[in-house]
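One structure below.
Residue numbers (our numbering): 241 to 358.
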(Lines of atoms letter the chains of each structure in order from A; the text may use other names.)
(Lines give C-alpha, C1' and ligand atoms only; values in the text may rest on other atoms or scores of the structure.)
Protein backbone atom coordinates (compact mmCIF):
# COMPACT_ATOMS: atom_id res chain seq x y z
CA UNK A 241 0.00 0.00 0.00
CA UNK A 242 1.36 3.39 -0.99
CA UNK A 243 1.74 6.29 1.40
CA UNK A 244 -1.49 8.32 1.21
CA UNK A 245 -1.18 11.75 -0.34
CA UNK A 246 -3.57 14.62 -0.84
CA UNK A 247 -4.03 15.96 -4.34
CA UNK A 248 -4.38 19.64 -3.45
CA UNK A 249 -5.20 20.71 -7.02
CA UNK A 250 -8.17 18.34 -7.22
CA UNK A 251 -9.24 19.20 -3.67
CA UNK A 252 -9.30 22.87 -4.67
CA UNK A 253 -11.22 22.03 -7.84
CA UNK A 254 -13.83 20.13 -5.81
CA UNK A 255 -14.21 23.02 -3.37
CA UNK A 256 -14.60 25.50 -6.23
CA UNK A 257 -17.14 23.25 -7.97
CA UNK A 258 -19.24 23.01 -4.79
CA UNK A 259 -18.98 26.75 -4.16
CA UNK A 260 -20.12 27.58 -7.69
CA UNK A 261 -22.89 24.97 -7.63
CA UNK A 262 -24.30 26.80 -4.62
CA UNK A 263 -23.81 30.19 -6.32
CA UNK A 264 -21.49 31.33 -3.52
CA UNK A 265 -18.95 34.06 -4.06
CA UNK A 266 -15.65 33.99 -2.21
CA UNK A 267 -17.15 36.58 0.12
CA UNK A 268 -20.17 34.34 0.82
CA UNK A 269 -17.94 31.38 1.61
CA UNK A 270 -15.69 33.55 3.77
CA UNK A 271 -18.67 34.73 5.83
CA UNK A 272 -19.79 31.15 6.47
CA UNK A 273 -16.42 29.44 6.84
CA UNK A 274 -14.29 32.25 8.31
CA UNK A 275 -11.54 31.32 5.84
CA UNK A 276 -10.07 34.47 4.28
CA UNK A 277 -10.88 35.13 0.64
CA UNK A 278 -7.21 35.12 -0.38
CA UNK A 279 -6.75 31.77 1.34
CA UNK A 280 -9.85 30.41 -0.41
CA UNK A 281 -8.49 31.51 -3.79
CA UNK A 282 -5.15 29.84 -3.08
CA UNK A 283 -6.84 26.63 -1.92
CA UNK A 284 -9.12 26.49 -4.97
CA UNK A 285 -6.20 27.04 -7.34
CA UNK A 286 -4.18 24.31 -5.62
CA UNK A 287 -1.47 26.80 -4.67
CA UNK A 288 -1.90 26.31 -0.95
CA UNK A 289 -2.22 23.41 1.43
CA UNK A 290 -5.31 23.48 3.58
CA UNK A 291 -5.38 23.07 7.33
CA UNK A 292 -7.72 20.51 8.84
CA UNK A 293 -9.67 23.29 10.58
CA UNK A 294 -10.15 25.20 7.31
CA UNK A 295 -11.20 22.00 5.55
CA UNK A 296 -13.81 21.35 8.25
CA UNK A 297 -15.07 24.95 8.11
CA UNK A 298 -15.32 24.94 4.30
CA UNK A 299 -16.99 21.53 4.29
CA UNK A 300 -19.58 22.70 6.82
CA UNK A 301 -20.20 25.96 4.96
CA UNK A 302 -20.71 24.14 1.66
CA UNK A 303 -22.77 21.42 3.35
CA UNK A 304 -20.67 18.65 1.79
CA UNK A 305 -18.74 15.84 3.41
CA UNK A 306 -14.98 16.06 3.72
CA UNK A 307 -14.65 12.72 1.94
CA UNK A 308 -16.50 14.20 -1.04
CA UNK A 309 -14.00 17.06 -1.21
CA UNK A 310 -11.10 14.62 -0.82
CA UNK A 311 -12.55 11.90 -3.06
CA UNK A 312 -9.68 12.13 -5.56
CA UNK A 313 -7.23 11.28 -2.78
CA UNK A 314 -9.26 8.43 -1.23
CA UNK A 315 -8.95 4.76 -2.06
CA UNK A 316 -12.57 4.03 -1.08
CA UNK A 317 -14.80 6.46 -2.93
CA UNK A 318 -18.17 4.86 -2.07
CA UNK A 319 -19.39 7.60 0.26
CA UNK A 320 -18.39 10.36 -2.16
CA UNK A 321 -20.24 8.62 -4.99
CA UNK A 322 -23.30 8.23 -2.77
CA UNK A 323 -23.20 11.97 -2.06
CA UNK A 324 -23.00 12.78 -5.78
CA UNK A 325 -26.04 10.58 -6.40
CA UNK A 326 -27.92 12.28 -3.56
CA UNK A 327 -27.23 15.63 -5.26
CA UNK A 328 -28.57 14.28 -8.56
CA UNK A 329 -31.78 12.95 -6.98
CA UNK A 330 -32.29 15.86 -4.57
CA UNK A 331 -35.62 17.63 -5.07
CA UNK A 332 -37.08 15.10 -7.48
CA UNK A 333 -40.59 13.74 -7.07
CA UNK A 334 -41.00 9.96 -6.59
CA UNK A 335 -42.07 9.66 -10.25
CA UNK A 336 -39.05 11.65 -11.44
CA UNK A 337 -36.79 9.55 -9.22
CA UNK A 338 -38.15 6.38 -10.79
CA UNK A 339 -37.68 7.73 -14.33
CA UNK A 340 -34.09 8.73 -13.58
CA UNK A 341 -33.36 5.38 -11.94
CA UNK A 342 -34.76 3.41 -14.88
CA UNK A 343 -32.88 5.63 -17.33
CA UNK A 344 -29.67 4.99 -15.41
CA UNK A 345 -30.27 1.23 -15.54
CA UNK A 346 -30.80 1.40 -19.32
CA UNK A 347 -27.62 3.41 -19.78
CA UNK A 348 -25.68 0.92 -17.66
CA UNK A 349 -27.02 -1.99 -19.75
CA UNK A 350 -25.97 -0.25 -22.96
CA UNK A 351 -22.52 0.59 -21.58
CA UNK A 352 -21.96 -3.03 -20.57
CA UNK A 353 -23.01 -4.19 -24.05
CA UNK A 354 -20.67 -1.63 -25.61
CA UNK A 355 -17.77 -2.71 -23.37
CA UNK A 356 -18.30 -6.40 -24.13
CA UNK A 357 -18.27 -5.66 -27.88
CA UNK A 358 -14.64 -4.44 -27.65
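Ideal placement from N, C-alpha and C gives every residue a C-beta, glycine not left out. All figures in this text were calculated on a predicted structure; none of them were measured in a lab.
Taking a contact to require three or more Cβ pairs closer than 8 Å, the region 245-259 and the region 297-317 qualify as touching. Pairwise C-beta distances place the region 301-310 out of contact with the region 334-343, as fewer than three of them are shorter than 8 Å.
Leaving aside the five residues that flank residue 270 on each side, the residues in its chain whose CB is nearer than 7 Å to its CB run, in chain order, 276, 277 and 280. Just so you know, the alpha carbons of residue 297 and residue 272 end up roughly 8 Å apart. Sequence-distant Cβ neighbours of residue 254 in its own chain, meaning closer than 6 Å and more than five residues away, are 309. Scanning the region 296-336 for uninterrupted beta strand (DSSP E) segments of 3 residues or longer gives nothing; none is fully contained. Given a length threshold of 4 residues, each whole run of the alpha helix (DSSP H) inside the region 254-293 is given here in chain order: 266-273 and 277-284.
In the structure shown, residue 245 falls within a coil segment according to DSSP collapsed to helix, strand and coil.
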